[in-house]
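J.: Sharing a structure here in structure tokens format.
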Amino acid sequence: MNEMGALPLHMLEIRELAPEAFAPYGQIVAPLRTGGQGAETGHDPETSPSEAQLVLGNGEPRLWIMHLPYVGLGFTRIARHRRVTQCLGALGGKEWLIGVAPPGDLADEACPRVEDILACRIPGDRVIKLHVATWHAGPHFVHDECLFFNLENRDTNRRDFHAAELPVECRYRL
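Here numbering that gives the first Met the number 0 is used: the first residue of the sequence shown is 0, the next is one more, and so on.
Put into structure tokens, the structure is as follows:
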């Protein structure tokens with residue numbers, strides 16, 4: 000701790016979103032060009048590795064829109080959902096940031112190592128699907144407010160919310 004009693008600062012270098020780098024944490028859902036309504040996409044969604052592999056069977060799926068205010072570009076807490084995947088995407092094409100860490104130990108007292116937290120910039124035309132138990136902090140953004148769609152289970156934040164306090168304040172290096 001510093002003189003003011005605040006947590007030490009840990010700056011996160013922001014990485015551009017890339018499938019290989021993001022693979023330990025989740026999948027990237029990118030736009031697929033089609034020939035029009037009802038037309039073939041040129042790939043089979045049942046066998047394509049580019050399709051998000053969702054786990055929503057542990058409850059009732061919920062798709063909702065979060066209206067979030069600007070909360071800053073730092074965090075001291077990180078959370079995860081140990082029973083469900085989660086999909087997040089900004090509406091309106093706004094770019095945003097998220098901190099993620101691999102699932103690791105599933106115990107209640109578990110916490111990711113600070114050095115394992117990766118900061119990613121998510122383009123406004125992409126959606127991310129977080130693997131079951133992926134640690135995450137965010138969405139964060141520079142806008143005054145932002146709308147995000149969120150696909151998870153209806154009771155995820157009540158029955159499947161595991162949070163951990165970090166020993167530092169993580170902040171995105173813009």
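Each residue gets a CB set at the ideal place from its N, CA and C atoms; glycine is no exception.
1. For the alpha helix (DSSP H) containing Pro18, name the first residue and the last one.
2. Can you say whether Gly88 is buried or exposed, counting buried as having 16 or more other CB atoms within 10 angstroms of its CB?
3. Since Arg158 is in the alpha helix (DSSP H), which residue starts that stretch and which ends it?
4. Please report the distance separating the alpha-carbon of Pro10 from that of Phe140.
5. Give the single residue among Thr155, His135, Asn156 and Glu144 whose Cα lies nearest to the Cα of Arg76.
6. Helix or strand or just coil, what does DSSP make of Leu117?
7. Along the chain, where does the beta strand (DSSP E) containing His66 start, and where does it finish?
8. When we look at the beta-carbon of Pro111 and count the other beta-carbons within 10 Å, is it buried (16 or more) or exposed?
T.: If we stick to the structure as given:
1. Residue numbering aside, residue 18 sits at position 19 when the sequence shown is read from its first letter. It spans Pro18 to Phe21 - the alpha helix (DSSP H) in which Pro18 sits, taken as one unbroken run.
2. Numbered from 1 along the sequence shown, position 89 holds the residue referred to as residue 88. Looking at its Cβ environment, which holds 16 or more other Cβ atoms inside 10 Å, Gly88 is buried.
3. Translated into the one-based positions of the sequence shown, residue 158 becomes position 159. Note, Arg158: alpha helix (DSSP H), Thr155 to Arg158.
4. Along the sequence shown, one-based indexing puts residue 10 at 11. Along the sequence shown, one-based indexing puts residue 140 at 141. It should be pointed out that residue 10 corresponds to Met in this sequence rather than to Pro. Between Met10 and Phe140, the C-alpha separation is close to 16 Å.
5. Position 77 of the sequence shown holds residue 76. Nearest option by C-alpha distance: His135.
6. Within the sequence shown, residue 117 is the residue found at index 118, counting from 1. DSSP places Leu117 in strand when its eight states are reduced to three.
7. Position 67 of the sequence shown holds residue 66. His66 -> beta strand (DSSP E) spans Pro60 to Pro68.
8. As a first step, residue 111 is located in the sequence shown; it is residue number 112 there, counting from the start. It counts as buried.
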